[in-house]
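A.B. asks:
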Amino acid sequence: MADSCTIAAPGEAGTGGSGGESPCRRTTCLGNSVLPVHCASGVNECRPQGPRDGTEGERTMGKDDGTARAPGTGPEGGESLPATEASPGTGGTSGDAGAPPGTDAATSSDPDRDAAGRETALVDAILRIGESLRPETVLKEVVAHARALAGAQCGVIVTVDEAGAPRDFVTSGFTEAGRRSMEAWPDAHRVFGHLHGLGAPLRLSDLDAWVRALGCAPFPVPCGAFLATPMRHREAAVGGFFLGGKDGGFTDADEAVLALFAQQAAAALANARTHRAERRARAGLEALVETCPVGVAVLDAAGTPLSVNREARRVLAGLGVTEKPPAVLRDTVVCRRGDGHEGRLADLAEAGTVRAEEVEISAPGWAGVRALIDSTPIRSAEGAVERVVVTLQDLAPFEALERSRAEFLGLVSHELRGPLAAIKGAASTALEDPRDPGRAELRQYLRIVEEQAGRMSGLIGDLLDAGLIGAGMLSVDPAPEDLAGLVERARTAFAATGAGHEVTVELPEGLPRVVADARRIAQVLENLLANAARHASETMPIRVAARPDGQVVEVSVSDTGAGIAADRLPHLFRRHAGVGADEASGERAAGTGSGLGLVVCRGLVEAHGGRIRAESAGPGRGARIAFTLPAAGEAGAAPAAAPAAADGAERTPVLVVDNDPHALLRARDALAAAGYAPVTTAVPGEVPRLVETRRPALAVLDLVLPGVDGIELMRTLPALADIPVIFVSAYAGGDTVARALAAGAADYVVKPFSPAELAARADLALRRCGAPRPFRVGELEIDRAKRRVTVAGRPVRLTATEYRLLHALSLDAGGATTYEDLQRRAWGPGKGDPQAVRSAVTKLRRKLGDDARNPRYVIGERGLGYRMPEPDEA
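Residue numbers for the sequence shown, in the working numbering: 66 to 939.
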């Protein structure tokens, strides 16, 4: 037996040597050999009382009826104890196990027989420790056997992880109340850390006194004698093994037994953990191989498949052999290699290592599958092939991609030939015409050339942008921008293409500015408008809307045209999504039909940090494409404000209305170069809204507009009454000019005009007209320039409809205005009714303080309408 020394508990004197007992005794490990020990104290020899499978079952440990038990360490009379659960916070498992097999509850009077039985039980227990590879089962077996053989009332094993933190907490012999009090003991970690730090066995005659001497809270379960030993495996700490509650104290033999159990338990626990780690690693590897996007198959030396992952099964499904036995696969599957050689799966084992070789895999009666394979043989120590690992990639998707690319290039070539043919035809006709074409005819030819050149430029630009997007080199220069200006810019460019679709814009007030590259986002909107126009007839309007959504602004373009099939939606923004699709299937390609427009839209939006998506209720039910842009965190310009000039000065908004897209662009560019903020539209119906929201200081109108005369438009729209109007027209006759000037036009410009001329005439018109004079009737004042109404100097808050109604009456002051005229000028054509006019007048009078029985400002004309007095009548 190894030397031992006695160490006194804190505050007590210790004695040396191996004899005698003291409150604290620590000895070195006794080694691996255990001799039969005759227990002088008469500890009962034990026999099995429960199942031998190592599971959590009820076990009993026999004691003499007169044996006393410490409170909390076990039920009275030696009743069976249930297995305990894991201690909270330990991260492992725990369980109370009873006495080990090979024990008997009867007391033996023969020391030799007692020692022999103890040795037999010890050998049997050690053999059983290694039967399980589950760590929790191993720990339960160990603590139960060691407790029984040492005659202890309770036992605990605490294991630690690599960092030394407690991991598993397994108990035996505790009642449920005792186990809970152990879990709740506040100094458990402190005492365990102290015991773990000793690194050697520790024997105490009074655990409670030792715990108190450490300055810790009392041990929650009366224990008395205590024995502890560390658990180590290959010089690494695994945990600690503790026994307590033995009458007469623990002996050297008990310490030897516990040391042997600790050593065996540490090795068994390490093996169990290693086994568990290997199983987890194997399961992870199997899951990785099974879900790998590359097919993987493992063959034996004869070519019989041993395992095939999901992708390999998918690739081989077209051969009709995946449900057949492995031996059938080996004999029926044929691999045709690039050199024309054909062989079966067994030939792969003989072929040695194969790298990235294209083969055709086939089976009788089925079409072949082309795949790219790699093959690696696994050899034994003698060099014989034991296994062959084959990986295969299905080449069908790559072949489909190549076909799509070829079709795409064919479509692009066709699109380029179209405008080139038109340009060549117009030029050839103009040059080869034997007659001398007039100026108007030459202009028509040049217009064709210009339009087709613009079409080619757009297609080439989309190609270049798509290339930059694919290479990840597309760059943008974002800055805070007013979304209304970007939408108007895109709508003007769209109108310049000659599309006849009506574009309605719905932007809420107070919409925040967006962080965007103005040119690029205008390009996105132009592509989306062109895409919508391509799939909707000219009678179907296109709607542009926006709304704030948290930290972003969502912009949408919707139509009521061809719609998109549900299965096409996820692929709409891919490069070749439009190739091979037709209108019925929901093809949505922008502009030219090459399928590039939406790809470019996605790349540009994502370059801004936004997202783009498409929605559709199905074919024939229209579509909505929405994208997001980061909000700048500030509200956009108020309706009356104009965009800022480059030099920081405020630009003056100028409204331009012309159905000729080229003239519209020319006027826009000329005014922008002169420092104005042009607001353009080709739709006369948009004029009231633009005047209301953008408040231009000047209007430039084409004399001849679709469905309406420019002079009539100026006369019927009260919004144009307060600002100067310049007419532009190709008619230079004196009567036309005189009629326009007599109607109230500020100037008249004949097409074609130079940019300098239009800018000069705009400057002159604004200087000549200046700000409009306020309209006063009694105490009522209408400041048309500021759109402000006061009564006796007190501001009057009016709705937009009420102001338009009052404004229309003031323009016709002195004469009556009919219900129909007021209805059209305040609500718009086809909106409102006479009753709505009467209701609005009632509210207007109330706000102005005008008595309906004796009105001063708004006077009713029975059966006709209303009028306002002239200033000299007030």
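No residue lacks a Cβ here, since even glycine has one placed at the ideal position from N, Cα and C.
Rank Gly843, Val454, Leu806, Lys851 by C-alpha distance to the C-alpha of Ala857 and give the top, closest one.
C.D. replies: Checked all of Gly843, Val454, Leu806, Lys851; the closest Cα to Ala857 is Gly843.
A.B. asks: Less than 8 Å between CB atoms is the rule here; does Asp787 satisfy it with respect to chain C?
C.D. replies: The chain labelled as chain C is not found in the depicted structure, where only one protein chain is given.
A.B. asks: Return the CA-CA distance between Pro358 and Leu457, expressed in angstroms with no decimal places.
C.D. replies: Taking the straight line from one Cα to the other gives about 10 Å.
A.B. asks: Just to confirm, does Glu822 get its C-beta within under 7 Å of one of the non-hydrogen atoms of the ligand SAH?
C.D. replies: Looking at this structure, you won't find the ligand SAH or any other ligand, since it has none at all.
A.B. asks: Closest to Arg584 by CA distance: which of Val670, Glu464, Ile629, Ile847 is it?
C.D. replies: Among Val670, Glu464, Ile629, Ile847, the Cα nearest to that of Arg584 belongs to Val670.
A.B. asks: Go through its chain and collect everything with a Cβ distance to Ala824's Cβ below 7 Å, but skip five positions before and after it.
C.D. replies: Excluding positions up to five away in sequence, the list reads Ala735, Leu736, Ala739.
A.B. asks: Given Arg402, which residues of its chain have a CB within under 6 Å of its CB, disregarding the five upstream and five downstream residues?
C.D. replies: Closer than 6 Å at Cβ, skipping near neighbours: Val424.
A.B. asks: Kindly give me the distance between the Cβ atoms of Leu729 and Ala747, rounded to whole angstroms, as I take these residues to be in contact under 8 Å.
C.D. replies: Confirmed, about 6 Å.
A.B. asks: Among the candidates Val450, Arg678, Gly775, whose CA atom is the shortest distance from the CA of Phe792?
C.D. replies: Of Val450, Arg678, Gly775, the residue nearest in Cα terms is Gly775.
A.B. asks: Between Asp365, Pro370, Arg409, which has its C-alpha nearest Ala428's C-alpha?
C.D. replies: Nearest C-alpha to Ala428: Arg409.
A.B. asks: Let me know the secondary structure DSSP gives Pro936 once reduced to three states.
C.D. replies: Pro936 falls in the helix class under three-state DSSP.
A.B. asks: Out of curiosity, what's the CA-to-CA distance linking Thr883 and Arg911?
C.D. replies: Thr883 and Arg911: Cα-Cα distance of roughly 21 Å.
A.B. asks: Hey, could you find the ends of the beta strand (DSSP E) Pro295 is sitting in?
C.D. replies: It spans 291–298 - the beta strand (DSSP E) in which Pro295 sits, taken as one unbroken run.
A.B. asks: Report the residue ranges of all alpha helix (DSSP H) runs contained in full by the segment 379–426; include only those spanning at least 4 residues, in chain order.
C.D. replies: Entirely contained in the segment 379–426, the alpha helix (DSSP H) runs reaching 4 residues are, in chain order, 391–397, 410–416.
A.B. asks: Considering Tyr884, what are the terminal residues of the beta strand (DSSP E) in which it resides?
C.D. replies: No beta strand (DSSP E) contains Tyr884, which is instead part of the alpha helix (DSSP H) from 884–892.
A.B. asks: So Phe307 is in the beta strand (DSSP E); what residue range does that whole segment cover?
C.D. replies: That run of the beta strand (DSSP E) goes 301–309.
A.B. asks: Looking at C-alpha atoms only, which residue of Ala610, Leu720, Gln509 is the closest neighbour of Gly490?
C.D. replies: Measuring from the Cα of Gly490, the nearest candidate turns out to be Gln509.
A.B. asks: Using 8 Å as the threshold, is the segment 283–292 in touch with the segment 233–248, meaning 3 or more CB pairs across them?
C.D. replies: Cβ pair count under 8 Å is three or more, so yes.
A.B. asks: Are Val354 and Leu334 touching if we call contact CB-CB under 8 Å?
C.D. replies: No, they are not a contact pair.
A.B. asks: Mind checking who Ile776 pairs with in its DSSP beta bridge?
C.D. replies: Note: Ile776 sits in no beta bridge, so no partner.
A.B. asks: From Ser794 to Arg859, what distance separates their C-alpha atoms?
C.D. replies: So the alpha carbons of these two residues sit roughly 45 Å apart.
A.B. asks: Roughly how many whole angstroms lie between the Cα atoms of Leu929 and Val861?
C.D. replies: Going from the Cα of Leu929 to the Cα of Val861 covers about 27 Å.
A.B. asks: Whose C-beta lies closer than 6 Å to the C-beta of Val322 among residues of the same chain, with five residues either side of it excluded?
C.D. replies: So the list reads Leu214, Ala215, once near-sequence residues are dropped.
A.B. asks: So, using beta-carbon positions, are Leu945 and Leu755 closer together than 8 Å?
C.D. replies: Past the edges of the chain, shown from 66 to 939, lies residue 945, and the structure says nothing about it.
A.B. asks: Quick one: give me the first and last residue of the alpha helix (DSSP H) that Phe326 is part of.
C.D. replies: 317–356 is the extent of the alpha helix (DSSP H) around Phe326.
A.B. asks: Can you name, in chain order, every residue of its own chain whose Cβ lies under 6 Å from the Cβ of Ile443, other than the five neighbours on each side?
C.D. replies: Closer than 6 Å at the Cβ level, and outside the excluded window around Ile443, lie Glu451, Arg452.
A.B. asks: By how many angstroms is the C-alpha of Ala465 removed from the C-alpha of Val455?
C.D. replies: Cα to Cα, Val455 sits roughly 24 Å from Ala465.
A.B. asks: I'd like to know whether the C-beta atoms of Val434 and Ile426 end up nearer to each other than 8 Å.
C.D. replies: Yes, they are a contact pair.
A.B. asks: Using the Cβ count rule (16 or more neighbours within 10 Å means buried), how would you classify Phe638?
C.D. replies: It is buried - the Cβ of Phe638 has at least 16 other Cβ atoms within 10 Å.
A.B. asks: Which ranges does the beta strand (DSSP E) cover as unbroken runs of at least 3 residues, wholly within the segment 504–575, from first to last along the chain?
C.D. replies: 544–546, 568–571, all fully within the segment 504–575.
A.B. asks: Is it buried or exposed for Asn919, if we count other Cβ within 10 angstroms and need 16 for buried?
C.D. replies: Exposed, because fewer than 16 other Cβ atoms sit within 10 Å of the Cβ of Asn919.
A.B. asks: What do you get for Leu474, buried or exposed, if any count of 16 or more other CB atoms within 10 angstroms of its CB means buried?
C.D. replies: The residue in question, Leu474, is exposed, as its Cβ has fewer than 16 Cβ neighbours within 10 Å.
A.B. asks: With a threshold of 16 other CB atoms inside 10 Å of the CB of Arg653, please say whether the residue is buried or exposed.
C.D. replies: The pLDDT assigned to Arg653 is 43, lower than 50, so where the model puts this residue is not dependable; a value taken from the coordinates is nonetheless given after this. Answer is buried; the Cβ neighbour count reaches 16.
A.B. asks: Pick helix, strand or coil for Cys666, following the three-state DSSP scheme.
C.D. replies: Looking at Cys666 - three-state DSSP - the assignment turns out to be helix.
A.B. asks: Do Phe306 and Ile222 have their CB atoms nearer than 8 Å?
C.D. replies: Contact flag set, yes.
A.B. asks: Which residue wins for smallest C-alpha separation from Cys666, given the options Cys288, Gly687, Ile788, Ala691?
C.D. replies: Comparing Cα positions, the closest option is Ala691.
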